[in-house]
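K.L.:
Numbering (our numbering), first residue to last: 14 to 173.
#1: So which of 23, 39, 52 has the shortest CA-CA distance to residue 136?
#2: Can the beta-carbon of residue 122 be found less than 8 Å from the beta-carbon of residue 25?
#3: Say whether the segment 106–113 touches the segment 78–96, bearing in mind that this needs 3 or more beta-carbon pairs closer than 8 Å, one atom from each stretch.
#4: Give me the Cα-Cα distance between residue 64 and residue 167, rounded to the nearest whole angstrom.
#5: Taking only three categories from DSSP, how would you classify residue 132?
#6: Would residue 154 be called buried (16 or more neighbouring beta carbons within 10 Å of its own) or exposed?
#7: Measuring CA to CA, which of 147, 165, 144, 114 is closest to residue 126?
#8: So, do the segment 70–89 and the segment 42–60 have three or more beta carbon pairs nearer to each other than 8 Å?
#9: Can you give me the start and stop residues for the beta strand (DSSP E) that residue 10 sits inside?
#10: Look up residue 169 in the DSSP assignment and say whether it is helix, strand or coil.
#11: So what does DSSP say about residue 47, is it helix, strand or coil?
#12: Give me, in chain order, the residues of the same chain whose beta-carbon lies closer than 8 Å to that of residue 23; leave out the 5 immediate sequence neighbours on both sides.
#13: When the Cα atoms are used, what is the spatial distance from residue 19 to residue 173?
#14: Can you give me the Cβ contacts of residue 189 inside the same chain, cut-off strictly under 7 Å, excluding the 5 residues immediately before and after it?
This is how it looks when you write it as structure tokens:
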């Protein structure tokens with residue numbers, strides 16, 4: 014499912030919606046438990062899961078960047094800084110499972126933006142696989158396909 018990109022006030026919001034036939038607790042565990050997190054977002058490791066806590070971003074060159082957790086509500090919300098922007102995950106109960114929302118709040122669209130969005134798209138596919146008990150690799154070919162799609166979407170939004 015494609016992300017929606019909207020301009021809201023002075024920023025852009027990229028939103029992914031994913032529906033799962035799993036409980037809120039199961040979705041939260043894939044989102045926040047490091048043993049599962051590394052299977053869908055290998056660069057991240059949660060150091061302190063709480064509001065004002067820290068997530069480590071592995072630069073894969075021996076260095077790490079601290080990411081600040083802005084808001085954390087167990088089984089419900091995880092929001093953190095993402096460079097100059099913010100990423101927010103929300104988990105909502107549905108009749109037949111759970112809705113996971115991923116929102117990236119972007120202050121400025123750049124040439125890197127569609128790369129980031131394509132990356133989140135692939136990561137959410139990997140997230141789904143982890144819920145299903147599968148392990149998949151990050152596909153650079155699929156990423157390239159999504160990058161081309163999101164590059165066009167970002168250009169459309171820039172014209173508005």
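All C-beta atoms in this analysis are idealised placements derived from N, C-alpha and C, irrespective of residue type, glycine included.
P.N.:
From the atom records:
#1: 52
#2: yes
#3: no
#4: 31 Å
#5: helix
#6: exposed
#7: 165
#8: yes
#9: Beyond the ends of the chain as shown, which are 14 and 173, falls residue 10; an answer cannot be given.
#10: helix
#11: helix
#12: 120
#13: 10 Å
#14: The structure shown does not extend to residue 189, since the chain is modelled only from 14 through 173, so no value can be given for it.
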